[in-house]
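Just so you know, we're using our numbering here: the sequence shown kicks off at 545 and counts up by one.
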Amino acid sequence: MTITDLTGCFACDGVLHPDLERTAEGLPQRLPDSVFRTGHARRQPTAEAETMDLGSVIAEDTEELLPRLDEVVDKYRIEQELGRGGFAAVFRATHLLMRSTVALKLLFPRMLRKYPQLAETLCEEARLTSLIDHPNVVKVLDVTTTPRFTYIIMEYIEGVSLGRAILRKPIDPANVLKIGIHLCGGLQAAAEQGLIHRDIKPGNILVARTGQAKLVDFGLARRVDDLRRSNDSSSTGKRIAGTPAYIAPEQASTPDAADHRADIYSLGATLYHAAVGRPPFPSGTPMQMILSHINSPPPPPENFRPDLPAGLSTILLRMLAKRPEDRPQTYVELGEELMRVYRNLRPQTTTMTPSSSTDPAHKPALMGKLRGLFSPRTP
Numbered sequence: 545m546t547i548t549d550l551t552g553c554f555a556c557d558g559v560l561h562p563d564l565e566r567t568a569e570g571l572p573q574r575l576p577d578s579v580f581r582t583g584h585a586r587r588q589p590t591a592e593a594e595t596m597d598l599g600s601v602i603a604e605d606t607e608e609l610l611p612r613l614d615e616v617v618d619k620y621r622i623e624q625e626l627g628r629g630g631f632a633a634v635f636r637a638t639h640l641l642m643r644s645t646v647a648l649k650l651l652f653p654r655m656l657r658k659y660p661q662l663a664e665t666l667c668e669e670a671r672l673t674s675l676i677d678h679p680n681v682v683k684v685l686d687v688t689t690t691p692r693f694t695y696i697i698m699e700y701i702e703g704v705s706l707g708r709a710i711l712r713k714p715i716d717p718a719n720v721l722k723i724g725i726h727l728c729g730g731l732q733a734a735a736e737q738g739l740i741h742r743d744i745k746p747g748n749i750l751v752a753r754t755g756q757a758k759l760v761d762f763g764l765a766r767r768v769d770d771l772r773r774s775n776d777s778s779s780t781g782k783r784i785a786g787t788p789a790y791i792a793p794e795q796a797s798t799p800d801a802a803d804h805r806a807d808i809y810s811l812g813a814t815l816y817h818a819a820v821g822r823p824p825f826p827s828g829t830p831m832q833m834i835l836s837h838i839n840s841p842p843p844p845p846e847n848f849r850p851d852l853p854a855g856l857s858t859i860l861l862r863m864l865a866k867r868p869e870d871r872p873q874t875y876v877e878l879g880e881e882l883m884r885v886y887r888n889l890r891p892q893t894t895t896m897t898p899s900s901s902t903d904p905a906h907k908p909a910l911m912g913k914l915r916g917l918f919s920p921r922t923p
């Protein structure tokens with residue numbers, strides 16, 4: 545069995561515009577400054593790295609083929625490398641005419657020669673992401689193929705990946721809940737387009753300095769209808785699409801049958817990791833982790849963090865139910881459950897003291913606003 549991640553972007557720290565009109569008011573609350581000072585790391589020492597083995601050796605030998613700092617690629621000047629995975633690197637770049645800052649995700653040229661289909665994969669990622677208009681999904685601005693490079697242009701997010709933020713220690717429960725609520729909005733917008741992400745994990749979530757969370761990297765995303773019609777030839781038979789530490793049981797065992805509830809499971813595994821400092825099944829080979837998701841109950845989160853609010857532990861375990869029908873069924877339902885737990889948190893459970901104008905617990909009509917965040921359509 546070959547487990548592949550065709551995009552492999554670990555740390556596209558990127559910028560976030562503080563537009564909260566379509567998210568629950570006041571939810572963004574700053575994480576401690578320490579999480580933004582972890583320094584640049586090309587590879588995170590977490591279970592996420594397990595999906596990047598394919599091609600990683602080749603990718604490390606591409607330095608001479610990558611654009612250098614201050615080099616101009618088409619109409620963009622390369623300013624800084626933000627991160628890389630097995631198949632692509634992400635740079636902060638500046639549009640020469642507009643003088644705007646963007647994130648430029650560039651396929652490794654050597655990998656593109658070895659796997660020419662990666663160009664179409666990147667274009668498909670751009671097409672699918674462009675269908676989603678939501679402040680909690682990173683916007684795709686352009687995709688370009690030249691004789692030398694193939695790359696995608698995205699909005700630049702000034703912040704840190706959740707994967708990097710939790711390298712040292714878990715984050716406080718209030719921020720775990722707020723990140724979950726934000727992502728419910730972005731994932732609902734994706735579901736309205738018939739899309740499932742299929743690779744939700746800490747490295748694919750960006751957190752701005754304001755605290756707002758955004759979902760990135762739709763390289764493995766598929767339309768549910770397409771999966772049903774074609775049985776997803778890219779992930780059936782010999783391949784599983786996803787990350788073993790966070791993959792839903794049905795996504796691993798019957799990929800063509802997965803729907804938005806598989807993303808709910810992966811979001812649960814991601815929030816579990818953020819809350820307690822480790823994924824539900826952090827050790828073993830990729831196949832052993834997958835089998836654990838299929839067969840083994842996740843350890844109760846309070847085993848690793850006794851002070852975790854009971855309501856948060858309960859909802860995390862619901863999200864990690866083996867059977868999709870035992871999980872929250874829609875993002876509306878999940879978002880409202882997360883909000884209820886957030887509002888019940890005692891002040892001492894948070895690391896920051898929000899003002900009444902920014903704390904969602906002080907908004908009497910917030911539950912209605914949260915419901916309005918999502919379309920009445922399901923999922």
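Where a beta carbon is used, it is the ideal one built from N, C-alpha and C, also for glycine.
Note that this is a predicted model, so its numbers are computed, not measured.
Contact annotation: the segment 612-619 touches the segment 631-642, with at least three C-beta pairs closer than 8 Å. A residue is called buried when at least 16 other Cβ atoms come within 10 angstroms of its Cβ; threonine 665 meets this threshold and is buried. Annotation for glutamate 699: the continuous beta strand (DSSP E) segment containing it runs 694-699.
Straight across, the Cα-Cα distance linking leucine 609 with proline 844 is about 47 Å. Between proline 842 and proline 824, the CB-CB gap stays under 8 Å. In this structure, Ala796 is the residue among Ala813, Ala796 and Glu736 with its C-alpha nearest to the C-alpha of isoleucine 834.
With contacts defined as CB atoms closer than 8 Å, valine 681 and isoleucine 723 fail to qualify as a contacting pair. In this structure, Leu864 is the residue among Thr694, Leu706 and Leu864 with its C-alpha nearest to the C-alpha of aspartate 807. Take the alpha-carbon of leucine 656 and the one of threonine 688: they are about 14 Å apart. DSSP places glutamine 873 in the coil class of the three-state scheme, outside both helix and strand. The beta-carbon distance between proline 660 and glycine 707, rounded to whole angstroms, is 29 Å. This is too long to meet the 8 Å contact definition. A residue is called buried when at least 16 other Cβ atoms come within 10 angstroms of its Cβ; asparagine 839 does not meet this threshold and is exposed. A straight-line Cα-Cα distance of about 21 Å links arginine 822 and valine 760. Cα atoms of threonine 690 and glutamate 880: separation of roughly 46 Å, rounded to the nearest angstrom. A Cβ-Cβ separation of about 20 Å leaves arginine 766 out of contact with arginine 871 under the 8 Å criterion. By the criterion of a C-beta distance shorter than 8 Å, leucine 651 is surrounded in its chain by Phe631, Ala632, Leu662, Ala663, Leu666, Phe693, Thr694 and Tyr695, once the five residues flanking it on both sides are discounted. A contact between stretches requires three or more CB pairs, one per stretch, nearer than 8 Å, and the segment 784-791 meets this requirement with the segment 807-817.
At a Cβ-Cβ threshold of 8 Å, leucine 721 and leucine 882 count as neighbours.
Within a 10 Å sphere around the beta-carbon of asparagine 748 sit 16 or more other beta-carbons, which makes this residue buried. Distance from the Cα of arginine 849 is smallest, within the candidate group Ile744, Ser836, Ala818 and Val646, for Ala818. When secondary structure is reduced to three states using DSSP, valine 684 falls in the strand class. In the DSSP assignment, glutamine 795 falls within the alpha helix (DSSP H) that extends over 793-797. Threonine 638: member of the beta strand (DSSP E) spanning 632-639, first to last residue. At the C-beta level, tyrosine 700 and valine 768 stay beyond 8 Å of one another.
The Cβ neighbour count for leucine 739, taken over all protein chains shown within 10 Å, is at least 16; the residue is labelled buried. For the 8 Å CB-CB criterion, arginine 753 and glutamate 702 form a contact. Per DSSP, reduced to three states, the secondary structure at tyrosine 620 is strand.
The Cβ atoms of leucine 861 and proline 717 lie no closer than 8 Å to each other. Taking each of Gly755, Gly763 and Arg712 in turn and checking the Cα distance to histidine 726, the smallest one comes out for Gly755. With a 10 Å radius around the Cβ and a threshold of 16 neighbouring Cβ atoms, glutamine 732 comes out buried.
For arginine 628, the secondary structure class from DSSP, reduced to helix, strand or coil, is strand.
Counting only the Cα atoms, isoleucine 859 lies some 23 Å from serine 827.
When rounded, the separation of the alpha-carbon atoms in proline 868 and lysine 658 is 38 Å. Excluding five sequence positions before and after glycine 786, the CB atoms of its chain that fall closer than 6 Å to its own CB belong to Arg742, Asp743 and Gln795, given in chain order.
The DSSP assignment places complete alpha helix (DSSP H) segments of no fewer than 4 residues inside the segment 787-860 at 793-797, 804-820 and 830-839, in order along the chain. By the beta-carbon neighbour count (other beta carbons within 10 angstroms, threshold 16), asparagine 719 is buried.
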